[in-house]
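Visitor: Below are the structure tokens for one structure; questions will follow.
Residue numbers (this note's numbering), protein chains in the order written: chain A, 1 to 349; chain B, 350 to 698; chain C, 699 to 1047.
Printed below as a string of structure tokens:
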């Protein structure tokens, strides 16, 4: 943990407007309710202004326009355009990631031909294969297994028990949480009378810079060619990415979503949890897909908000649900109408 | 394995009523069909009484009232209020869990500041971080990685390759199956024009006593504060628990269910498999949620049985399904009615 | 990698009809678009014949009948009944799996009573328990943990960090991808006033020959008896198989599907991804179940194609969807009919 920052330093770093005591020392972040002396909290929603005024936080990050209109009680109040972003940025300063000594642990097994930066840390029981390359300041934690010809850029963190199969390539500033598995064979077989033959899975996986991947997520190698995860993309826990997928930049995918082979997800898409993609689907730039949606093979998902199984525009989904909700009334109407028609028929008989 | 128990000892231990030979030795448990000499089986359902009378089990646990009415053929028959519970309890006696020698394996890497009970077992290639504390009689199996400041109570079993990140705290009698991952960063980001900034994930996870967690389940640390799993709660394989969730006592959650951030599940809830929870939902005490259900963000799930996507009371779900089933008939009715109205109109023209 | 094969050798091995230069050397496989000199590609669909004629592949595997009708431009063209199967088979020859030196790595921990074939490879930080048996030519990669009394046949590959609990048995030519977990306790409890008691989980798991299991898939041991995966069956990543399941031969199960306890899946079934099975369901030989389907407990799924939650024959599912699509029109019709009946009533008043 750092030694803390003065409120004036925080205001300067975030380019915010400081009201109150700039000399006061801030040592940690906190939420509004649990904040105590020496902590900084944020509020970015009018709903929580009351909670914010009662907060014990020494320093408060608030929307710039609230500085004029609200009386906060913290010793230092900093007005910002985007207080939550400011909070995230100052958290990085007050709570910097762990730095390990640049050592290779005695128990790690390193191939002679591996090329490891002097500033990298390799933890206990890690295994590094032939011709693997590990960049500057990387933290390779306990039990990680790196295959032959793996390439890892600078400033990456691989948490315990991550497995990278042979030939996988990772950019810089990538975070892989515990148990992530990259490069296992894709799920492809050819059937004959006897059973299934393995379709070759000899491609690779490329992970670009600034990607973060949640615990136990599995990304399969391409059959031929490569599976790709673009720059700045974030995957949650236990996501499945099949062979030959191409996932763009700044895509967000929540937990337990499953992506079949050869799916393309373009930049800036947002995908909920437990979504399922049939193979060869394409999600266009900026599309948003709700949790638990199902996308049929080959489907193109255009920009907009999508929902349901099979996936449809959220508006249509809601309209259909409204129709469904009126079904009981429709049955009543139908019954009544039948009786009235019967009566008319009787009159005219 | 134990040396076995006499039928009279079993009856005494379970406080049941013994009929038959109390001196006979019972060495293992079995199901009705595969039971042989020396085994104990149970029956708790009238449907299976015929199978039970034909069973080769030496000892049979039966509902107390069946002692009077059914002629079982086993050498020893024990009447109990709850035969299945009795079976589970006697299984613990006849098949006690493995006990390891209290050693720290040569290949384990233990931080100097770690505090490990003399009665604990630490397996091959385990890694124990700075200031970690491990209680009495714990079994830490091969490849487990415990971060700094991890606390583990007494009598816990951590199966191979479990990962606990720094600062995680576990109660007593907790069982973590292979590959469980506790304390990875929650999935939270703040977006700006450039992409996603990591929202701080500096909270922790607390697991209470008597919790059992299935293989590869992942429980994320809180952003701020803590993620909690209450006493006696049981999670199946590959469950995802997001940051800041609060899961109560004696909750049961089946495999592959995904729980987004800040969800509250109160005591004694029962959750099926592959259920998905939006963030900030609350499940009230004793609610039962069927498999594959989907709960929208912020929803409160009251006591009762719930089903579907989005989740609704099971009764309503069934009623709606009945309406749906009558849709084809409704279309027929509508068509017929149109014809009749047409005919009436023609008559009156 | 092999030294390559001449086109005539490939034609002979696949028993195909060669047109063109049989002496030309083929060193690797490729897809049509990315193929270059020295590579073999395949085409098995008229749709791609144009791409195939433009391909730079030196050798092309094509449908036997296309030899007569299409002018391919590759130096060697081989006509086959099943070009994709031929491609898979020649890939095995051109890209044989890695062979490791038959050594036990210094850092592996092997129980004295374990019986390991001289031709097997045991990687860094692997752990092999008491009385475990490992067959010929097996590759046990880094960080694998094998419990006591585990049995593994010949020619198996266990990728890094696989965990087999005590007593699990694996056939020959089995591939387990990274992080596979076999033999964790099934999810079974008996409830009383105090909470949940563990139902005994003392059975085992048997995996037959030629099974391949994807990364992080978990297969639980039986409560009593055994959980079984039949010969030639293929499981994708993160599949959950509950206790006492019996899965037949040549079954294919896609990623993230969850199978509750005591489910029977007969031979040659095909199951999509993210499917959920209630306990005690039975899938009959040759049934096909679409992705994301949900099967209620105890259901019998007959041969044919099934879809939806709860699962129904695909035809019925489509018919119901068509009815749903006409709901808006039905409401219109109903409204119009009401007006007309009203008019008739007014006339007759």
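Cβ atoms here follow ideal geometry from the backbone N, Cα and C, with glycine treated the same way.
Taking its Cβ as the centre, do 16 or more other Cβ atoms sit within 10 Å of residue 932 of chain C, making it buried, or is it exposed?
Guide: When all chains shown are included, residue 932 of chain C counts as buried.
Visitor: Can you look up residue 341 of chain A in the DSSP assignment and give me helix, strand or coil?
Guide: Reduced to three states, the DSSP call for residue 341 of chain A is helix.
Visitor: Please classify residue 197 of chain A: does DSSP put it in a helix, a strand, or coil?
Guide: Of the three classes helix, strand and coil, the one that applies to residue 197 of chain A here is strand, per DSSP.
Visitor: Which residue comes first and which comes last in the beta strand (DSSP E) that contains residue 192 of chain A?
Guide: Counting along the chain, the beta strand (DSSP E) containing residue 192 of chain A begins and ends at 189 to 192.
Visitor: Can you find a C-beta in chain A that's less than 8 Å from the C-beta of residue 932 of chain C?
Guide: Interface residue, yes.
Visitor: Assign residue 423 of chain B to one of two classes, buried (16 or more other C-beta atoms within 10 Å of its C-beta) or exposed (fewer than that).
Guide: Answer is buried; the Cβ neighbour count reaches 16.
Visitor: What residue range is occupied by the uninterrupted alpha helix (DSSP H) comprising residue 391 of chain B?
Guide: Unbroken run through residue 391 of chain B is the beta strand (DSSP E), 388 to 391; no alpha helix (DSSP H).
Visitor: Are the beta-carbon atoms belonging to residue 500 of chain B and residue 518 of chain B less than 8 Å from one another?
Guide: Their beta carbons are under 8 Å apart, which means residue 500 of chain B touches residue 518 of chain B by this criterion.
Visitor: What ranges does the beta strand (DSSP E) occupy inside the region 581 to 664 of chain B, keeping only unbroken runs of at least 3 residues that lie completely in it?
Guide: Whole beta strand (DSSP E) segments, 3+ residues: 654 to 656.
Visitor: For a test of the three-state rule: what should DSSP assign to residue 676 of chain B, helix, strand or coil?
Guide: Residue 676 of chain B falls in the helix class under three-state DSSP.
Visitor: If you measure from the beta carbon of residue 386 of chain B to each beta carbon in chain A, is any gap under 8 Å?
Guide: Not one chain A Cβ lies under 8 Å of residue 386 of chain B.
Visitor: Taking 8 Å as the threshold (C-beta atoms), are residue 903 of chain C and residue 929 of chain C in contact?
Guide: Not in contact: residue 929 of chain C and residue 903 of chain C (Cβ atoms no closer than 8 Å).
Visitor: Which ranges does the alpha helix (DSSP H) cover as unbroken runs of at least 4 residues, wholly within the region 464 to 513 of chain B, from first to last along the chain?
Guide: For the region 464 to 513 of chain B, not a single whole alpha helix (DSSP H) run of length 4 or above is found.
Visitor: How would you label residue 372 of chain B, buried or exposed, when you count the other beta carbons within 10 angstroms and need 16 or more for buried?
Guide: Classification for residue 372 of chain B: exposed.
Visitor: I'd like to confirm the pairing. Which residues does DSSP put opposite residue 366 of chain B in its beta bridges?
Guide: The partner list for residue 366 of chain B (beta bridge, DSSP) reads B:428.
Visitor: For my contact list, residue 607 of chain B and residue 255 of chain A are in at a C-beta cut-off of 8 Å; report their separation, rounded to the angstrom.
Guide: That belief holds up - the Cβ atoms of residue 607 of chain B and residue 255 of chain A are roughly 5 Å apart, short of 8 Å.
Visitor: Over what stretch of residues does the beta strand (DSSP E) that includes residue 409 of chain B continue unbroken?
Guide: Looking at the DSSP string, the run of the beta strand (DSSP E) that includes residue 409 of chain B is 408 to 412.
Visitor: For the region 93 to 116 of chain A, enumerate the residues whose C-beta is nearer than 8 Å to any C-beta of chain B, in chain order.
Guide: Result list: 95, 98, 105, 107.
Visitor: Flag this pair as touching only if the region 151 to 165 of chain A and the region 122 to 139 of chain A have three or more C-beta atom pairs under 8 Å; answer yes or no.
Guide: Yes: at least three Cβ pairs fall under 8 Å.
Visitor: Give a yes or no on whether the minimum CB-CB distance between residue 333 of chain A and chain C is below 8 Å.
Guide: Residue 333 of chain A counts as touching chain C.
Visitor: Using the rule of at least 16 other Cβ atoms within 10 Å of the residue's Cβ for burial, across every protein chain shown, is residue 664 of chain B buried or exposed?
Guide: Its Cβ having fewer than 16 others within 10 Å, residue 664 of chain B is exposed.
Visitor: Under a CB-based cut-off of 8 Å, is residue 866 of chain C close to chain B?
Guide: No, no contact with chain B.
Visitor: Considering only C-alpha positions, which residue in the set B:451, B:693, B:382, B:455 is nearest to residue 467 of chain B?
Guide: When each option's Cα is compared against that of residue 467 of chain B, the closest is B:451.
Visitor: Does DSSP put residue 882 of chain C in a helix, a strand or coil?
Guide: Reduced to three states, the DSSP call for residue 882 of chain C is strand.
Visitor: Would you identify the three-state DSSP class for residue 350 of chain B, choosing helix, strand or coil?
Guide: Annotation note: pLDDT 45 at residue 350 of chain B (below 50); position unreliable, no value reported.
Visitor: Look up residue 455 of chain B in the DSSP assignment and say whether it is helix, strand or coil.
Guide: Coil.
Visitor: Distance check for residue 631 of chain B and residue 621 of chain B, CA to CA, integer angstroms please.
Guide: Answer to the nearest angstrom: the Cα atoms are 16 Å apart.
Visitor: Measure from the C-beta of residue 73 of chain A to each C-beta in chain B and report whether the shortest distance is under 8 Å.
Guide: No, residue 73 of chain A does not count as interfacial toward chain B.
Visitor: Starting from residue 344 of chain A, find everything on chain C with Cβ-Cβ shorter than 9 Å and list it in chain order.
Guide: Per Cβ cutoff of 9 Å: 1039, 1042, 1043, 1046.
Visitor: In the DSSP output, which residue or residues are listed as bridge partners for residue 227 of chain A?
Guide: Note: residue 227 of chain A sits in a beta bridge opposite A:205.
Visitor: Could you tell me which residues DSSP pairs with residue 918 of chain C in its beta bridges?
Guide: Its beta-bridge partners are C:882.
Visitor: In the structure shown, what three-state DSSP assignment does residue 753 of chain C receive?
Guide: DSSP places residue 753 of chain C in coil when its eight states are reduced to three.
Visitor: For the region 187 to 199 of chain A, list every residue whose C-beta sits within 7 Å of some C-beta in chain C, in sequence order.
Guide: The region 187 to 199 of chain A vs chain C, Cβ under 7 Å: 187, 189, 190, 192, 195, 196, 197, 198, 199.
Visitor: Where does residue 462 of chain B land, buried or exposed, given buried means 16+ other C-beta within 10 angstroms?
Guide: By the neighbour-count rule (16 or more Cβ atoms within 10 Å), residue 462 of chain B is not buried but exposed.
Visitor: Between the Cα of residue 784 of chain C and the Cα atoms of C:858, C:731, C:705, which residue gives the shortest distance?
Guide: The shortest C-alpha separation from residue 784 of chain C is found at C:705.
Visitor: Answer with yes or no whether the minimum CB distance from residue 350 of chain B to chain A is below 8 Å.
Guide: With a pLDDT of 45 at residue 350 of chain B, under the threshold of 50, the modelled position of this residue cannot be trusted; read the value that follows with caution. So, not an interface residue.
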